[in-house]
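*Asks:* Sharing a structure, written as structure tokens. Questions coming.
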Amino acid sequence: MPPLPLLALPLLLAVAAVGRAAAPAPANVIVILTDDQGYGDLGCYGSPTIRTPHLDRMAAEGVRFTDFYSGAEVCSPSRAALLTGRYPPRSGMAGHRRVLFPNSEGGLPAAEVTLAEALKARGYATAHIGKWHLGIRPGSRPRDQGFDRTFGLPYSNDMDARPGITGRIRASDNPPADGWNVALERDGEVVERPAVQATLTRRYTDEARRFIAEHANRPFFLYLAHSMPHTPLFASPEFRGRSRRGLYGDVIEELDASTGEILDELRRRGLAERTFVFYTSDNGPWLIEGLQGGSAGPLREGKGSTWEGGMRVPGIAWMPGRIKPAVTSVPASFLDLFPTALALAGAPALAGVTLDGTSLLPLLAEGRDPGERAYFFYRGFELFACRLGDWKAHFQTQAGYGQPKPEAHERPLLFRLPHDPGERHEVGAAHPEVLARIQEAVARHRAELKLGAPQFQ
Ligand code: MG
Numbered sequence: 009m010p011p012l013p014l015l016a017l018p019l020l021l022a023v024a025a026v027g028r029a030a031a032p033a034p035a036n037v038i039v040i041l042t043d044d045q046g047y048g049d050l051g052c053y054g055s056p057t058i059r060t061p062h063l064d065r066m067a068a069e070g071v072r073f074t075d076f077y078s079g080a081e082v083c084s085p086s087r088a089a090l091l092t093g094r095y096p097p098r099s100g101m102a103g104h105r106r107v108l109f110p111n112s113e114g115g116l117p118a119a120e121v122t123l124a125e126a127l128k129a130r131g132y133a134t135a136h137i138g139k140w141h142l143g144i145r146p147g148s149r150p151r152d153q154g155f156d157r158t159f160g161l162p163y164s165n166d167m168d169a170r171p172g173i174t175g176r177i178r179a180s181d182n183p184p185a186d187g188w189n190v191a192l193e194r195d196g197e198v199v200e201r202p203a204v205q206a207t208l209t210r211r212y213t214d215e216a217r218r219f220i221a222e223h224a225n226r227p228f229f230l231y232l233a234h235s236m237p238h239t240p241l242f243a244s245p246e247f248r249g250r251s252r253r254g255l256y257g258d259v260i261e262e263l264d265a266s267t268g269e270i271l272d273e274l275r276r277r278g279l280a281e282r283t284f285v286f287y288t289s290d291n292g293p294w295l296i297e298g299l300q301g302g303s304a305g306p307l308r309e310g311k312g313s314t315w316e317g318g319m320r321v322p323g324i325a326w327m328p329g330r331i332k333p334a335v336t337s338v339p340a341s342f343l344d345l346f347p348t349a350l351a352l353a354g355a356p357a358l359a360g361v362t363l364d365g366t367s368l369l370p371l372l373a374e375g376r377d378p379g380e381r382a383y384f385f386y387r388g389f390e391l392f393a394c395r396l397g398d399w400k401a402h403f404q405t406q407a408g409y410g411q412p413k414p415e416a417h418e419r420p421l422l423f424r425l426p427h428d429p430g431e432r433h434e435v436g437a438a439h440p441e442v443l444a445r446i447q448e449a450v451a452r453h454r455a456e457l458k459l460g461a462p463q464f465q
């Protein structure tokens, strides 16, 4: 009887559509993390000379954060915060030595629940591509931390320097291809040593596209952590000499093209509307690298520092159809990505794990402001600063590099960031009530913060 099915079919489709709207299928999650890219190094963040048409389009189609913070002021703790959703002192991924080195005994503790583990438990396929830098000992490696597969460098591209390789050579615009003996690994096996660094962005991108193509029919989590633009800088031949900003600009423009290829892969496979993509950088620009270091734009200082330039980074969220295009000045951070991904997976909160952030989905999808939240800036295990609403108080300050000791401030330095993003005009004397509110937030935070065993010794 043809009339009945013909009538019933649209009804069934309508019911299915309502069902989908109520509880969307688990979304794919892609985090694209660059290394040491500054706040001012993208077209959509005001770079006058670096062209980033793909990232600019991603920002126009998604949400661009003006006030997005990394997990820390340097690599290892920042990555630990991203993958655990927790302030680095909780996992012990902090310390006087600042990051992990090839001879470090520590690493991300096996007991920490990573985003890869949480999503894998929900049936996601998981891949890490690029730089790891969370430990090379058993228990800390990518495949010990929830990633089904891994392809990339175990740590920074400037570690394993050959004898005679100085900082000046590292920061030159023509670093020697064989200057660093860092290994390229696949699933824990060395496949190339030294890694041919000029091919890394290209190969990470190809690997990411392949992973997406192979998992078009099941939810996946892809953590693509580029080695660039951490010095020594290398670009593919087709990008070398292309930008108006020199080698650093060439490297960024290649990362931009890489991101464009990944978004195109998603569009072509019909995955764009069920894949959440977030683009960001692990910390601010490495200013002591001179022309090979990036720019924090209007912000003060850079990598290594808890001034804004060290931790305020580009942050772009993209998921057409689900995310309402906007530019937002709501402060958010790496800590929010874990709960956001859980929400996108339709997963409940983790039992017995303290997460420090909040899902950004209500903000991204409906423009709902999460309300005033404190953000704490750590350098190692030391609390250096706190942002609350428009205000940021510094209890201690220190340049990223070249200032041996922090300067402690008996009365914290206070800046009103929307008025003064460059943190030039200290206004604490006029706002004792703001400082008092920040001190209360710090006291509450300290009362519940349990420190992990230090991993960077
Ligand atoms: Mg870094």
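Start counting the sequence shown at 9; every next residue gets the next number (my numbering).
By construction, the Cβ of each residue, glycine as well, lies at the ideal position given by its N, Cα and C atoms.
Thinking just about the alpha-carbon of each residue, which of F384, T288, L457, T314 is nearest to the one in V71?
*Replies:* The count along the sequence shown starts at 1 and reaches residue 71 at position 63. Answer by Cα proximity: T288.
*Asks:* According to DSSP, simplified to helix, strand and coil, what is R37?
*Replies:* Residue numbering aside, residue 37 sits at position 29 when the sequence shown is read from its first letter. Contrary to the premise, residue 37 reads as Val rather than Arg in this sequence. In the structure shown, V37 sits in a strand (DSSP, three-state: E or B).
*Asks:* Report, in whole angstroms, the separation of the C-beta atoms of F532 and G79, which I expect to be a contact under 8 Å.
*Replies:* A question about residue 532 goes unanswered here, because the residues of the chain that appear run from 9 up to 465.
*Asks:* Could you check whether the stretch 78-98 touches the stretch 267-274, counting it as contact only if at least three pairs of C-beta atoms, one from each stretch, sit closer than 8 Å?
*Replies:* Segments in contact, no.
*Asks:* With a threshold of 7 Å on Cβ separation, who are the neighbours of A89 within its own chain once the five nearest residues in sequence on each side are excluded?
*Replies:* Your numbering for residue 89 matches position 81 in the sequence shown. Excluding sequence neighbours, A89 sits near G79, A80, Y95, P96, F342, L343.
*Asks:* Taking the alpha helix (DSSP H) that F76 falls in, what are its first and last residues?
*Replies:* To locate residue 76, count along the sequence shown from 1; it is residue 68. F76 -> not in any alpha helix (DSSP H); beta strand (DSSP E) instead, spanning 71-77.
*Asks:* Can you confirm whether the stretch 289-301 touches the stretch 237-246 when touching is taken to mean that 3 or more C-beta pairs between the two stretches lie within less than 8 Å?
*Replies:* Yes: at least three Cβ pairs fall under 8 Å.
*Asks:* Taking 8 Å as the limit between beta carbons, can you name the residues of its chain near R170, skipping five residues before and five after?
*Replies:* As a working mapping, residue 170 is identified with position 162 in the sequence shown. The answer, listed in chain order, is D186, G187, W188, N189.
*Asks:* Are there any heavy atoms of ligand 1 lying less than 7 Å away from the beta-carbon of D44, as far as the coordinates show?
*Replies:* Indexing the sequence shown from 1 puts residue 44 at position 36. Under cutoff, so the answer is yes.
*Asks:* The alpha helix (DSSP H) with C394 in it runs from where to where?
*Replies:* Translated into the one-based positions of the sequence shown, residue 394 becomes position 386. Careful: C394 lies outside any alpha helix (DSSP H), inside the beta strand (DSSP E) at 390-396.
*Asks:* Considering only DSSP beta bridges, list what T405 is partnered with.
*Replies:* Against the sequence shown, residue 405 aligns to sequence position 397. For T405, which the question treats as bridged, DSSP gives the partners E415.
*Asks:* Suppose you measure from the CA of Y163 to the CA of R308; what does that come to, to the nearest Å?
*Replies:* The sequence position of residue 163 within the sequence shown is 155, counting from 1. The sequence position of residue 308 within the sequence shown is 300, counting from 1. Cα to Cα, the separation comes out at about 27 Å.
*Asks:* Is V82 near ligand 1, judged by its Cβ being under 7 Å from some heavy atom?
*Replies:* Here residue 82 refers to the residue found at position 74 of the sequence shown. Answer for V82: yes, Cβ within range of ligand 1.
*Asks:* For K139, list the residues DSSP reports as bridge partners.
*Replies:* Stepping through the sequence shown from its first residue, residue 139 is reached at position 131. According to DSSP, K139 bridges with nothing at all.
*Asks:* Mark K413 as exposed unless 16 or more other C-beta atoms lie within 10 angstroms of its C-beta, in which case mark it buried.
*Replies:* Here residue 413 corresponds to residue number 405 of the sequence shown, with the count starting at 1. Counting Cβ neighbours within 10 Å, K413 comes out exposed, since fewer than 16 surround it.
*Asks:* Using a threshold of 7 Å, is the CB atom of H439 nearer than that to any non-hydrogen atom of ligand 2?
*Replies:* For ligand 2, the structure offers nothing, since it holds only ligand 1.
*Asks:* Measure the C-alpha to C-alpha separation of A124 and M327 and round it to an integer number of angstroms.
*Replies:* Stepping through the sequence shown from its first residue, residue 124 is reached at position 116. Stepping through the sequence shown from its first residue, residue 327 is reached at position 319. Each residue's alpha carbon lies about 20 Å from the other.
*Asks:* Less than 8 Å separating the beta-carbons of Q45 and G302?
*Replies:* One-based indexing of the sequence shown puts residue 45 at position 37. One-based indexing of the sequence shown puts residue 302 at position 294. Yes, Cβ-Cβ distance for Q45 and G302 is below 8 Å.
*Asks:* For F159, collect the residues of the same chain with a Cβ closer than 7 Å to its Cβ; drop the 5 residues on either side in sequence, then sort them by chain order.
*Replies:* To locate residue 159, count along the sequence shown from 1; it is residue 151. Answer for F159: I137, R194, E215, listed in chain order.
*Asks:* Rounded C-beta distance between L161 and T122? I'm assuming under 8 Å.
*Replies:* In the sequence shown, counting from the first residue as 1, residue 161 sits at position 153. In the sequence shown, counting from the first residue as 1, residue 122 sits at position 114. Wrong, their Cβ atoms sit about 18 Å apart, outside the cutoff.
*Asks:* Are there any heavy atoms of ligand 1 lying less than 7 Å away from the beta-carbon of D49, as far as the coordinates show?
*Replies:* Reading the sequence shown from its first residue, position 41 is the one you call residue 49. No, the Cβ of D49 stays beyond 7 Å of every heavy atom of ligand 1.
*Asks:* What are the boundary residues of the alpha helix (DSSP H) that includes F155?
*Replies:* For this step, residue 155 is matched to residue 147 along the sequence shown. From DSSP, F155 is part of no alpha helix (DSSP H); its letter is neither H nor E.
*Asks:* Helix, strand or coil, according to DSSP, for P146 in the structure here?
*Replies:* Here residue 146 refers to the residue found at position 138 of the sequence shown. Reduced to three states, the DSSP call for P146 is coil.
*Asks:* Quick test of your reading: A102 and G147, contact by CB under 8 Å. State the CB separation rounded to the nearest angstrom.
*Replies:* Along the sequence shown, read from residue 1 onward, the residue named residue 102 stands at position 94. Along the sequence shown, read from residue 1 onward, the residue named residue 147 stands at position 139. Rounded, the Cβ-Cβ distance is 18 Å, inconsistent with contact.
*Asks:* Measuring straight from C-alpha to C-alpha, what distance separates Q463 and V321?
*Replies:* The residue given as residue 463 occupies position 455 in the sequence shown. The residue given as residue 321 occupies position 313 in the sequence shown. Distance between the alpha carbons of Q463 and V321: 25 Å.
*Asks:* Quick check: the Cα distance between R248 and A179, rounded to an integer number of angstroms?
*Replies:* Within the sequence shown, the letter at position 240 stands for residue 248. Within the sequence shown, the letter at position 171 stands for residue 179. C-alpha separation (whole angstroms): 16 Å.
*Asks:* Enumerated in chain order, which unbroken segments of the beta strand (DSSP E) with a length of 3 residues or greater are wholly contained in the stretch 231-317?
*Replies:* Fully enclosed beta strand (DSSP E) runs of 3 or longer: 283-289.
*Asks:* On the CB-based measure, 16 or more other CB atoms within 10 Å of its CB, does Q300 come out buried or exposed?
*Replies:* Position 292 of the sequence shown, counted from the start, is the residue given in the question as residue 300. Buried.
*Asks:* May I ask you to list the residues that DSSP assigns as paired with L383?
*Replies:* As a working note, residue 383 is residue 375 in the sequence shown. Checking the sequence shown, residue 383 turns out to be Tyr, not Leu. R395, per the DSSP bridge assignment.
*Asks:* Whose CA, out of F403, A382, L396, lies closest to the CA of E390?
*Replies:* Within the sequence shown, the letter at position 382 stands for residue 390. Considering only alpha carbons, the answer is F403.
*Asks:* Ligand 1 and D290: does any heavy atom of the ligand fall closer than 7 Å to the residue's C-beta?
*Replies:* Indexing the sequence shown from 1 puts residue 290 at position 282. Correct: D290 has its Cβ closer than 7 Å to ligand 1.
*Asks:* What three-state label does DSSP hand T336 in the structure shown?
*Replies:* Taking the first residue of the sequence shown as position 1, residue 336 is located at position 328. T336 falls in the strand class under three-state DSSP.
*Asks:* Is the stretch 414-423 in contact with the stretch 356-368, if contact means three or more CB pairs nearer than 8 Å?
*Replies:* Contact between the stretch 414-423 and the stretch 356-368 is absent, because fewer than three Cβ pairs lie under 8 Å.
*Asks:* Can you grab the Cα-Cα spacing for the pair F242 / R106, in whole Å?
*Replies:* For the purposes of this step, residue 242 is taken as residue 234 along the sequence shown, with counting starting at 1. For the purposes of this step, residue 106 is taken as residue 98 along the sequence shown, with counting starting at 1. In a straight line, the C-alpha of F242 is about 25 Å away from that of R106.
*Asks:* Could you pull the start and end residues of the alpha helix (DSSP H) that I220 belongs to?
*Replies:* Counting from 1 along the sequence shown, the entry for residue 220 is found at position 212. Here the alpha helix (DSSP H) through I220 covers 208-222.
*Asks:* I want to know whether the stretch 308-319 touches the stretch 344-364 - three or more CB-CB distances under 8 Å.
*Replies:* No: fewer than three Cβ pairs fall under 8 Å.
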